[in-house]
Amino acid sequence: MRQIDLLCVGDIAIDVFIRLKDTSAHCTVNHGTSELCMRFASKIPYESATEIPAVGNSVNAAICGSKLGLYTGIITNLGKDLHGTDCIRTLKKNGVETKYVSIHKGIETNYHYVLWYGSERTILVQHKEFPYVFPEISVAPKWMYISSLSKHSIEYHKYILGYLNEHPEVRLAFQPGTFQIEAQLEIIGAFYKRADVCSMNVEEAKRVLRLTGDQNIKILIEKIHALGPKIVMITNGMKGAYMSDGKDIYFISAYPDPKPPLERTGSGDAFSSTFVSMLIQGKTPEEALSLAPINSMSVAQYIGPHHGLLTLDELLRLKASAGESYQIKKI
Numbered sequence: 001m002r003q004i005d006l007l008c009v010g011d012i013a014i015d016v017f018i019r020l021k022d023t024s025a026h027c028t029v030n031h032g033t034s035e036l037c038m039r040f041a042s043k044i045p046y047e048s049a050t051e052i053p054a055v056g057n058s059v060n061a062a063i064c065g066s067k068l069g070l071y072t073g074i075i076t077n078l079g080k081d082l083h084g085t086d087c088i089r090t091l092k093k094n095g096v097e098t099k100y101v102s103i104h105k106g107i108e109t110n111y112h113y114v115l116w117y118g119s120e121r122t123i124l125v126q127h128k129e130f131p132y133v134f135p136e137i138s139v140a141p142k143w144m145y146i147s148s149l150s151k152h153s154i155e156y157h158k159y160i161l162g163y164l165n166e167h168p169e170v171r172l173a174f175q176p177g178t179f180q181i182e183a184q185l186e187i188i189g190a191f192y193k194r195a196d197v198c199s200m201n202v203e204e205a206k207r208v209l210r211l212t213g214d215q216n217i218k219i220l221i222e223k224i225h226a227l228g229p230k231i232v233m234i235t236n237g238m239k240g241a242y243m244s245d246g247k248d249i250y251f252i253s254a255y256p257d258p259k260p261p262l263e264r265t266g267s268g269d270a271f272s273s274t275f276v277s278m279l280i281q282g283k284t285p286e287e288a289l290s291l292a293p294i295n296s297m298s299v300a301q302y303i304g305p306h307h308g309l310l311t312l313d314e315l316l317r318l319k320a321s322a323g324e325s326y327q328i329k330k331i
């Protein structure tokens, strides 16, 4: 009956990272969009393949929060197969409560292919049609963290929102995934209104707002705030990140990489979930913002979203060693 600090809701998958050789692929820009290009109808050599169980925005957030000292849990769906068993084992190994994981016979666990080129990746995804059912929760959590769910989850979102409306004391972090970004606001808008924290990157913010081209960050923040969240965070890759509490806007630069990033999958999840985890532990939004980029940087030094996650002591130590140039600025 212990209260969960951070209960995350979202799809789970296994990712296999296929590292492409520089000689087998290249990037090009077409109408302002970067594209990964390979020879068609050819045998393409690759460098390595690494399988990582139990990934996904919400799963990554649960593992990050656990690493930072919280009691975390996940509401998700798995197939009754070897991949599902691997995911459960990984969740338990990382201290994530699994009692709200639903396991389905006859449905395969989500399995994604990550085409890894340079430090970036293109992910081939396939979301299985699980029968989404919101579980009976014994004790309401302190926070819920809602992120990526498949396009088959429209009715499920209504059940999640119903639970949140019945428990106004539960605080909400919303990191919209692909379907939630593309969905009409008539479907997803209530989650923005309910959110204590809403986090996304610049390109995602433009897609939510149906904007194109270059956009002023302040304008993006104001427009996302107008949807209802109390705190808005917008990240901009190596250019830094912005956080607004509705009154002031704060900027922090990316934490200086000790070496070139290896692979960036999960860096955004680490940023968002570190920020939320620090709020849960009683830190101010400004203090939380000062720690989030450190975990984001560390994750990019490893393959996948989990291996680089840091403890709170490690975050504080790296923050102290960053020097005076790593400071929050009010803009």
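If you use the working numbering, the sequence shown corresponds to residues 1 to 331, in order. Quick reminder that beta carbons are idealized off the backbone N, C-alpha and C, glycines included.
Contact set for residue i: own chain, Cβ-Cβ below 6 Å, skip 5 residues either direction
i, result
"S102", "N77"
"T109", "L78, G79, D81, H83 and G84"
"S153", "Y132"
"R207", "I181"
"T72", "L6, A62, G65, S66 and V96"
"I217", "Y242"
Option in the options with minimal Cα separation from residue i
i, options, result
"C8", "S277, G106 and R210", "S277"
"Y326", "G246, S298, G240 and S272", "G240"
"H26", "I137, E286, Y156 and W116", "W116"
"I12", "K193, D86 and K218", "D86"
"S298", "S267, N165 and E287", "S267"
"G246", "L36, G237, K223 and H104", "K223"
"Q126", "M144, H112 and Y100", "H112"
"K151", "Q184, G162 and N165", "Q184"
"I107", "A173, K218 and K128", "K128"
"V114", "E286, I52, T284 and I219", "I52"
"A173", "F271, I219, E155 and F179", "F271"
7 Å Cβ shell around residue i - same chain, five flanking residues per side excluded
i, result
"W57", "First, the residue type needs correcting, since residue 57 is Asn and not Trp in the sequence shown. Here the set comprises G10, S147, S148, Q175, G177 and D269."
"I63", "N94, V96, H306 and L309"
"L91", "A54, I74 and T98"
"I221", "V232, I234, Y242, S244 and I249"
"I160", "V9, F134 and I146"
"L291", "T274, M278, L315 and K319"
"M38", "S24, A25 and I44"
"I252", "G240, A241, L289, S290, P293 and I328"
"Y163", "F134"
Cβ neighbours of residue i in the same chain (closer than 8 Å, five flanking residues each side left out)
i, result
"T50", "V16, F17, R19, I303 and G304"
"S119", "P260, P261, L262, E263, R264 and A300"
"T212", "K206"
"R2", "Y71 and V139"
"M238", "A254"
"H104", "N77, L78, G79, K80, F130 and P131"
"K21", "P45, Y46 and E47"
"N201", "I234, T235, N236, G237 and G268"
"Y192", "F174, L185, C198, I224, L227, G228 and P229"
"F179", "S148, L149, S150, K151 and S153"
"T28", "S34, E35 and C37"
Through-space distance from residue j to residue i, alpha-carbon basis
i, j, result
"E263", "R121", "8 Å"
"G282", "R210", "35 Å"
"E392", "M233", "The shown model of the chain, from 1 to 331, leaves out residue 392, and the question about it has no answer."
"P168", "K142", "10 Å"
"S24", "T33", "20 Å"
"I14", "P229", "31 Å"
"I280", "A190", "23 Å"
"A226", "S199", "14 Å"
"D5", "R171", "10 Å"
"N295", "V197", "18 Å"
"P293", "I328", "11 Å"
"E136", "I88", "20 Å"
"T311", "M144", "21 Å"
"K158", "I219", "30 Å"
"L36", "N165", "43 Å"
"E286", "D313", "18 Å"
"G69", "R317", "16 Å"
"Y156", "Y100", "15 Å"
"Q215", "T284", "28 Å"
Residue i classed as buried or exposed, judged by whether at least 16 other C-beta atoms fall within 10 angstroms
i, result
"N30", "exposed"
"K330", "exposed"
"L124", "exposed"
"G323", "exposed"
"R194", "buried"
"N60", "buried"
"A288", "buried"
"A41", "exposed"
"I187", "exposed"
"A321", "The sequence as given places Ser at residue 321; Ala does not occur at that position. By the 10 Å Cβ count, S321 comes out exposed."
Within-9 Å CB hit, residue i to chain B
i, result
"Q215", "Any reference to chain B falls outside this structure, which holds one protein chain only."
### Task
Count the C-beta pairs between the region 38-46 and the region 248-259 that are closer than 8 Å, then say yes if the count reaches three, no if not.
no
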